[in-house]
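Residue numbers (the working numbering), protein chains in the order written: chain X, 1 to 176; chain L, 1 to 643. Think of the CB as a built atom: it goes at the ideal place given N, C-alpha and C, for glycine as much as any other residue. None of these values were measured; they are calculated from a predicted model. Below is one structure, written out as structure tokens; comments come after it.
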Amino acid sequence: MNRPWLLWIPLAVVAFIGGLAMYGLAVPKDEQVHSAMIGQKLPAFSLPAATAGVEGLASGDMADGKPRLLNIFASWCLPCKAEAPYLEALKKAGIEIDAIAIRDRPEDVAAFLNEFGNPFRRIGSDSEMAVQLKLGSSGVPETYVIGGDGTILYQHIGDIRAEHVPMLIEKVNAAK
Amino acid sequence: MMAEAGLAALWLAAAMALLQLVGGMTLLRGGAGQLVPLIKPAAYVQGALCAFAFLALMWLFYVTDLSVLLVASNSHIDKPLIFKLAGTWGNHEGSMLLWVSVLSVSGAAIALLEKRIEPKTLNATLAVQAFIALGFFAFLLFASNPFERLVPAPVEGNGLNPLLQDVGLAFHPPTLYFGYVGLSIAFSFAVGALLTNQVGPAFARAMRPWVLAAWIFLTIGITAGSYWAYYELGWGGWWFWDPVENASLLPWLAATALLHSVSVLATRNALRAWTIMLALVAFAMSMAGTFLVRSGILTSVHAFAVDPERGAFILALMLLYTSLAFVIFALRIGSVKQGEPFQLISREGGIVANNIFLSVILAVVLIGTLYPLAAEAMGDKISVGPPYFNKATVPIAVLLMLALLIGPMLRWRRDDLKRLKYWLIGGAAILLCSGIAVWKFAPDVGLFPLLGIALSLALAVAAWLPLRGRKLLRTPLPIFGMVIAHFGIAVSVFGMAAESGFSSETLTALAPGESAEIVGWQVKLDDVNPVVGDNWVAIEGELQAVKNGNSFMLRPQSRQFFKPEMQTSEAALLTRWNGQFYAVIAQPDQEGDGRWQVRLWWKPFVPFIWYGGLLIAVGGIIALLGRMFRRAKKPAKNKWQTT
């Protein structure tokens, strides 16, 4: 054998794969797929009002210099009902929340707001999920932190629970 | 009582393995080695103790002794007997006990039967095996004790994962395990021969039946697993490049390459270092497979109970064995003499081509399987799917098939393609004609299905050619085995190509009474009924499929299991000689207008994929039987002395 170092290549491959596997075991698994839009500007959209009495939502409405939350929800979604009190708590803490209702009907949204209260400033109706997909959101509920210049800063997947409230407040305040 | 006896047997067996290992070490140090004569008896005792431990666990499942934790959490007093017994290995602890038991019993069999290799190499082999077994004994005794008691004992037990209450699946994992264990024996032989510097034909002949047996089990396991995924997952696919599927494919690819190169070593005394390398890689791949499945570090449709601590244990064992083996390889392979030379156009050359192509496919699949992990380490999150695997593996598989059209006809050492000119012309004619025919018949079928059909038709002829000019009754069985296995590849590839090129699919929403049409079949949804099973409820569609005046009933179900909660699709299949009709029904449409989502496929020649897989395994079994008969006829006593 002219090149004895070649014989050690298999060992190096084993070491590399072993290292990868150890990393894979050591780092807790994050099963959620996060949006590729984080760090980017909101895509341009303009949605009609989801129900009477609350204004619709356009991307320009969220680039007014004030950071806030964008909640993706639907009246037919059970976890959305579960997170309603925590949205209310966020509103009480002085956080502004806009929302997009997915595949919903005006009367259902009205009934939902009636039953669980309305923490939202504006609610756009996304009946074909077009804006939702543009945002890189794959389900309901999801909540985004949007910077004052309309940049998507953070994505929370799933319902907001009590333990998430302080974290979201901090993220919005940090964006000020 | 039985549980304690089983546990004691395991500890004693571990002690025997330690004795074998220490004996083997004194042997290699060249010392007086009073322990060396004990190696073989220790192997017998270790095998017997492990067999006893496994039977003890089986007994506990048979009587449903609920004071044993494993039985209580995996069995139930009302379960059918066959599933009670299958429960022995249908869980993590039991399956690891099965693993180590098969390993130990095989070790005892080697100690008892193997007379062809030098005693020193045999002892070294047994010591290596004991070393592997020790790791798994430690794993069982410290991290997965199957005999742990539960106080107080529950009254009726927990049940078994509903997906596992399927006769096919009860036998699927152990099949793969037998394959993995067989490869561990090939590994022990390879390291043993390296340590004692006995890499040669005698060693290859001793190792070959184990490689062959392992390969047969893996082939059956993969074929069965593919069919299971096809009808149970309800996605109409037969291979998903899922990490767990890849975990069984990787050792199979390595074992297939090894099977061919070990033949070269046994007959021609060539490819020495390469064969050793493949034996190490094959075992490394089966360890990696076990690790991927058991640790759950890659996301997969196969939801196993996952435990990172156990994953870490298996990873440590895998790294220990493979890196030690590769260190020994690097240090010792220089002393292995170059084998016999051969020319490029020869049987050896053909097998080298086979090995190169298989190794490239192996590397491609390994990289694709591990890439998400590497990407995640760099902060990126991706998954690698069929587009990569298909694009990267299929062209190499085409080259592999081309080599297979010629390789088995070549003579050992040197040959001339002129001798094969009639077949070369004939084969090219088949390729060309069938290619053009397919292209005329379906111009937009795509390159690979077209190539697949042409190559499989040519191979269906080529596979039988090695029998030409032989007296059939005097032809050794292994030649028949090879011919049948290669024909099986033609059958399987034909099925894959036909399915991927010519499947038709339609997704509709039907209300009872409405119909849909798919490639000449009229399908009417007659009714939808609720059905109740032991631990599930389902909706069952009654579909009437009519073609050419023949009418068939299909009853696909969408099942909802409780405990644990899970939804599965039971596809309804209708097999015709030229393909399969595949129907799936889903839960009702969201609109709530009384329609049901029905998905229909016509898959031409799809069963050929699994018929081919079984033929490949049958070829392997025939070859194995041939080797065993031949050996029984002329017991090769002390043959090692003459080499």
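Alpha carbon of L:ALA454 to alpha carbon of L:PHE487, nearest angstrom: 14 Å
Cβ neighbour criterion (16 or more within 10 Å) applied to L:ASP415: With 16 or more other Cβ atoms within 10 Å, it is buried.
Status (buried if at least 16 other CB within 10 Å, exposed otherwise) for X:LEU168: In this structure X:LEU168 is buried. Its beta-carbon is surrounded by 16 or more other beta-carbon atoms within 10 angstroms.
L:ALA529 - partner residues in DSSP beta bridges: With the sequence shown as reference, residue 529 of chain L is identified as Asn, and Ala is not the correct amino acid for it. Answer is L:GLU540, bridged to L:ASN529.
CA nearest to the CA of L:PRO372, picked from X:ILE17, X:TRP5, X:PRO10: X:ILE17
Neighbouring residues, chain X, relative to L:ALA284 (Cβ below 8 Å): VAL14
Interface flag, X:ALA175 vs chain L, CB-CB below 8 Å: no
Euclidean distance between Cα positions of X:ASP159 and X:GLN40: 23 Å
Within chain X, partners of L:VAL327 - CB distance below 9 Å: TRP8, LEU11
Beta carbon proximity, X:GLY94 to chain L, threshold 8 Å: Cβ-Cβ to chain L under 8 Å: no for X:GLY94.
Among L:PHE54, L:PHE608, L:PHE217, L:PHE326, the one whose alpha carbon lies nearest that of L:GLY94: The option with the nearest alpha carbon to L:GLY94 is L:PHE54.
Inter-residue spacing [alpha-carbon to alpha-carbon] between X:SER177 and X:THR143: Within the shown structure, residues of chain X are numbered from 1 to 176, placing residue 177 of chain X beyond reach of any answer.
Per-residue burial, L:ALA247 [other beta carbons within 10 Å of its own, 16 or more giving buried]: buried
Candidates L:LYS84, L:ASN197, L:ILE216, of which the one nearest L:LEU614 by Cα: L:ILE216
Inter-residue spacing [alpha-carbon to alpha-carbon] between L:LEU459 and L:LEU404: 8 Å
Residue-level contact to chain L via CB, X:LEU20, 8 Å cutoff: yes
Residue-level contact to chain X via CB, L:LEU271, 8 Å cutoff: no
Cβ contact check for the stretch 496 to 509 of chain L and the stretch 593 to 605 of chain L: 3 or more pairs under 8 Å: yes
Counted within 10 angstroms of its Cβ, other Cβ atoms place L:THR575 as buried (16 or more) or exposed: exposed
Assigned secondary structure, X:GLY220 (DSSP; H/G/I helix, E/B strand, else coil): Nothing can be reported for residue 220 of chain X, as the shown portion of chain X is limited to 1 through 176.
Segment limits, alpha helix (DSSP H) that includes X:GLU163: Counting along the chain, X:GLU163 falls outside any alpha helix (DSSP H), and DSSP gives it neither H nor E.
Alpha-carbon to alpha-carbon, L:VAL102 and L:ALA56: 15 Å
Residue-level contact to chain X via CB, L:ILE333, 8 Å cutoff: yes
Rounded straight-line distance, which links the Cα of L:ALA583 to that of L:LEU543: If you draw a straight line from the Cα of L:LEU543 to the Cα of L:ALA583, it comes to about 9 Å.
Minimum Cβ-Cβ distance from L:PHE291 to chain X less than 8 Å: yes
Residue-chain proximity (L:ILE323, chain X), Cβ-Cβ < 8 Å: According to the sequence provided, residue 323 of chain L is Ser. The question's Ile does not apply to it. Closer than 8 Å to some Cβ of chain X, the Cβ of L:SER323 qualifies, so yes.
Closer than 8 Å at the beta carbon, the chain X residues around L:LEU614: Under the 8 Å cutoff, chain X gives no residues; its nearest Cβ is about 33 Å from L:LEU614.
Closest Cα partner of L:ILE645 within the set L:PRO146, L:PRO449, L:PHE502, L:GLY612: The question about residue 645 of chain L has no answer here: the residues shown for chain L are numbered 1 through 643.
Proximity test, Cβ basis, 8 Å: L:ALA330 and chain X: yes
X:LYS92 (DSSP reduced to helix, strand or coil): helix
Boundaries (first-last residue) of the alpha helix (DSSP H) holding L:MET207: 201 to 232
Within 8 Å, strictly: CB atoms of L:ARG268 and L:GLU348: yes
Simplified DSSP assignment, three categories, for L:GLN20: helix
Own chain, CB closer than 7 Å to L:ALA303, minus 5 neighbours either side, in chain order: Per-residue confidence for L:ALA303 stands at a pLDDT of 45, beneath the threshold of 50, marking its modelled position as unreliable; the derived number appears in the next sentence. So the list is empty, once near-sequence residues are dropped.
Host alpha helix (DSSP H) of L:SER101 (start-end): Where L:SER101 is concerned, the enclosing alpha helix (DSSP H) stretches over 92 to 113.
C-beta neighbour in chain L for X:LEU25, strict 8 Å: It does; some Cβ of chain L falls within 8 Å.
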